[in-house]
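No gaps in the numbering here: position 27 of the sequence shown is 41 in this note's numbering, and each next residue is one more.
Glycine included, every Cβ here is placed at the ideal spot set by N, Cα and C.
Taking it in order: structure first as structure tokens, then the write-up.
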Amino acid sequence: MSLTIMFNKGNFALFIILLLIFIGFGDSFLPKPLNNASLQTRTAINNLVLGMFPTWEPKVKPHQRTEKAIEATRTGGKVK
15 MSLTIMFNKG NFALFIILLL IFIGFGDSFL PKPLNNASLQ TRTAINNLVL GMFPTWEPKV
75 KPHQRTEKAI EATRTGGKVK
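Here is the structure:
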């Protein structure tokens, strides 16, 4: 049996659908050794995707201007 017969369009689509079901919902209905594998696979994929996007911090503090205005109002001075 060659790979071209094994992985035609229909078989490949079925494989992808089964893989998505295994990763997404496998821990809820599969028996014990497979549900742990499904959960670990999903967790690893989540960590991989989250690792691609580092946490973004703005250069300016978003509430800094408001806090300065409140402080200036309390003290009776001007906003810098």
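Could you tell me the boundaries of the alpha helix (DSSP H) in which residue i lies?
{"i": "lysine 46", "result": "46 to 66"}
{"i": "glutamate 81", "result": "78 to 89"}
When the Cα atoms are used, what is the spatial distance from residue i to residue j?
{"i": "histidine 99", "j": "asparagine 49", "result": "Since the first and last residues shown for the chain are 15 and 94, residue 99 lies out of range."}
{"i": "leucine 28", "j": "proline 68", "result": "34 Å"}
{"i": "phenylalanine 39", "j": "asparagine 25", "result": "21 Å"}
{"i": "asparagine 60", "j": "aspartate 41", "result": "15 Å"}
{"i": "isoleucine 35", "j": "leucine 44", "result": "11 Å"}
{"i": "leucine 62", "j": "lysine 46", "result": "25 Å"}
{"i": "isoleucine 37", "j": "asparagine 22", "result": "22 Å"}
Helix, strand or coil, according to DSSP, for residue i in the structure here?
{"i": "phenylalanine 135", "result": "In the structure as shown, the chain starts at 15 and stops at 94, and residue 135 therefore has no counterpart that could be examined."}
{"i": "phenylalanine 43", "result": "helix"}
{"i": "phenylalanine 21", "result": "coil"}
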